[in-house]
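Under this note's numbering, read the sequence shown as residues 20 to 240, first letter to last. Ideal Cβ positions, reconstructed from N, Cα and C, are used throughout, including at glycine. Every value quoted in this text rests on a predicted model; they were computed, and no experiment measured them. Encoded as structure tokens, the structure appears first; notes follow it.
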Amino acid sequence: MNCFSQLENGIFATEKDIQELKNKDSAHILVYSDSHGKAPVVRDIFEKFGQKCDAAIFAGDGIFDLLALMEKAKSYDEISEWLPPVICIVRGNNDSGSYETSFCRAVHVPKKVLLEVGAKRILVTHGHEERVQYSTELLESTANLMDANAVVYGHSHIPVENNHVIYSMNPGSCSYPRSLSKPGCAVLEISGKNIFSIFYKIDFSIFGLKDFVPYFPDRMY
């Protein structure tokens, strides 16, 4: 359960939570991006995966959807249990730099965050400033400059996993997918020096029920 205390780097966690995540040999990280106002989808994602993960990463564009869930978590214990102890947020090109909430008077939304998980130093960024819709070259260069060995990003609304020298992944959009991709999210799994993602698409039934189904998006190796 997250304490809703925001550190200077923008991460919601305590210093103890951050240190424990850094010391883990293995971890599961919930990753989603580009919700763009679809707060119910964000709720469903955390209800499904939140309690099973050591941290969550939101890669931008729809920060208010997450903040709305955190607002509800202050009043409902069941929802608060969905939120991992570490929540990393970054600003998308459609997000503001700060928000006011009942649990935090001034939520700061940074453009970039470095999250350390075991042997991995993960750069989290939305990706619009790195022009990821055209190429990941600038993204990888930025990661190198920041001494990161993995990158999580969004913006393109297209899920992808790239296992070059610097591992990078984009969960796609959980609400507005592009290029025939599926709405969904991913769970980033880290074990020692190994890192990979399991992608989940959201299937909607005719009765409005949702199911999260593992699938393989386009990948680049």
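How many angstroms separate the CA atom of residue i from the CA atom of residue j?
| i | j | result |
| --- | --- | --- |
| Arg124 | Asn189 | 30 Å |
| Lys212 | Lys139 | 7 Å |
| Met239 | His147 | Low per-residue confidence applies at Met239: pLDDT is 48, beneath 50, and the placement is therefore not dependable, though the value from the model is reported in the following sentence. Rounded to the nearest angstrom, the two C-alpha atoms are 20 Å apart. |
| Ala46 | Ala74 | 8 Å |
| Asp114 | Ser52 | 12 Å |
| Ile221 | Gly81 | 18 Å |
| Glu100 | Met20 | 5 Å |
| Ser175 | Thr144 | 12 Å |
| Lys43 | Ser210 | 9 Å |
| Phe122 | Asp96 | 15 Å |
| Gln25 | Val60 | 24 Å |
If I follow the unbroken alpha helix (DSSP H) through residue i, where does it start and stop?
| i | result |
| --- | --- |
| Glu39 | Glu34 to Asn42 |
| Ala92 | Ile82 to Ala92 |
| Val60 | Ala58 to Phe68 |
| Leu157 | Glu156 to Leu164 |
Opposite residue i in the DSSP bridges: which residues?
| i | result |
| --- | --- |
| Thr144 | Lys131 |
| Ser45 | Ser210 |
| Gln25 | Phe31 |
| Ile98 | Bridge partners of Ile98: none, in fact. |
| Phe215 | Glu208 |
| Tyr51 | Phe77 |
| Tyr118 | Val126 |
| Pro196 | Beta-bridge pairing links Pro196 to no other residue. |
Counting only the same chain and skipping the five closest in sequence on each side, list residues whose C-beta sits under 7 Å from that of residue i.
| i | result |
| --- | --- |
| Ala87 | Ala58 |
| Ala162 | Leu142, Val170 and Ile185 |
| Val232 | Tyr219, Lys220 and Asp222 |
| Glu27 | none |
Is residue i close to the ligand COA? I mean its beta-carbon at under 8 Å from any heavy atom of the ligand.
| i | result |
| --- | --- |
| Glu119 | With respect to the ligand COA, the structure offers nothing, as it holds no ligand at all. |
Only counting the same chain, and skipping five residues up and downstream in sequence, which positions put a Cβ closer than 6 Å to that of residue i?
| i | result |
| --- | --- |
| Tyr186 | Ala169 and Ile214 |
| Glu135 | Lys41 |
| Glu159 | Ile185 |
| Asp36 | Pro104 and Val105 |
Starting from the C-beta of residue i, find all residues in its chain whose C-beta is less than 8 Å away, skip the five residues before and the five after it, and write them out in chain order.
| i | result |
| --- | --- |
| Val128 | Gly29, Ile82, Ile108, Val109, Arg110, Asp114, Ser115, Gly116, Ser117 and Tyr118 |
First and last residue of the beta strand (DSSP E) that includes residue i?
| i | result |
| --- | --- |
| Ala125 | Neither: Ala125 is in no beta strand (DSSP E) and is coded neither H nor E. |
| Ala169 | Ala169 to Val171 |
| Cys72 | Cys72 -> no beta strand (DSSP E), and no H or E assigned at all. |
So, under 8 Å CB-CB, residue i and residue j are touching, yes? Tell me the CB distance rounded to an integer number of Å.
| i | j | result |
| --- | --- | --- |
| Ala32 | Ile106 | 7 Å |
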